[in-house]
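Sequence positions in the sequence shown follow the working numbering and run 457 to 654.
C-beta atoms are modelled at their ideal positions from N, C-alpha and C, and glycine is treated no differently.
First comes the structure, then the notes that go with it.
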Amino acid sequence: MMNKKAKKNIIEYGIIGVVALTLFATGLHTEVIGFLQRGILKTGLMDPDLKNAAEFSNKQNNPPANYNLNLVNSKGEEINMEDFRGKVVFMNVWATWCPPCVAEMPGINNLYNDVKNEDIVFIMLSVDQDFQKAIDFNKKKGYDFEVYRAKGPMPPIYNSQSLPTTYVIGADETLALTHMGMGDYDTREFKEFLRALK
């Protein structure tokens, strides 16, 4: 015969299991995990390492960027990354099913709105198999930036095993930053870093 404590534990684990299954069945687990990870972002532990921003400004050490990437936006328009040559480019590779990607989106949207008039290009590059999911997600969330998908293979310099991954290309056409994993880009330091690359 089970004691009271064992029964209580079984009930508690049963409730947790039902909640977890409900979240996964409805697809809300990404949103919930992303929300929890957003709290981690605010600690600053996952921020891109900008203490070497002066080093990034010394562009001799930066590898050349690759503009050989064709893109399609949410309106179905084809754009070649070559069109952004000579501009600062913030490129974030993400997916709707990726909780860390979802976690950093509000901060990226704030960053976008703060610098969009400063000749800084944002490429929010979805790797969702069904690009319509990314379009619908962006619309549902009310984000102001455009979403893209790659049309053709990614240049090797932008291949990463981590989602999200963020690349920043300077106006001098070099790759100034690669940050794997989520980050909080809605900071004064990061905005200064972007502006220094113009």
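Beta-carbon proximity of residue i to residue j, cut-off 9 Å
i: K654; j: V544; result: yes
i: P556; j: P620; result: yes
i: L525; j: G637; result: no
i: V604; j: Y614; result: For clarity, residue 604 is Tyr in the given sequence; the question names Val instead. Against a cut-off of 9 Å, the Cβ pair of Y614 and Y604 comes out as no contact.
i: M537; j: I564; result: no
i: V606; j: V583; result: This sequence places Ala at residue 606; Val is not what is there. Yes; because the gap between Cβ atoms is below 9 Å, this pair is in contact.
i: F593; j: T552; result: yes
i: N548; j: E534; result: no
i: P444; j: F646; result: Nothing about residue 444 can be reported from this structure: the residues present for the chain run from 457 to 654 only.
i: A632; j: N518; result: yes
i: Y523; j: E648; result: no
Residue i - partner residues in DSSP beta bridges
i: M561; result: According to DSSP, M561 bridges with nothing at all.
i: P520; result: T630
i: V528; result: E534, R605
i: M580; result: N548, V603
DSSP state of residue i mapped onto helix, strand, coil
i: L567; result: helix
i: N459; result: coil
i: N573; result: coil
i: A652; result: helix
i: G639; result: coil
i: Y599; result: coil
i: N594; result: helix
i: R541; result: coil
i: A510; result: Residue placement at A510 is poorly supported in this model, since its pLDDT is 48, which falls under 50; the coordinates are not used for a value here.
Distance cut-off 8 Å: residue i Cβ against heavy atoms of the ligand FAD
i: N573; result: The ligand FAD is absent from the structure shown, which contains no ligand whatsoever.
- Query: Are at least three pairs of beta-carbons, each pair with one atom in the stretch 562-572 and one in the stretch 523-541, less than 8 Å apart?
  - Reply: no
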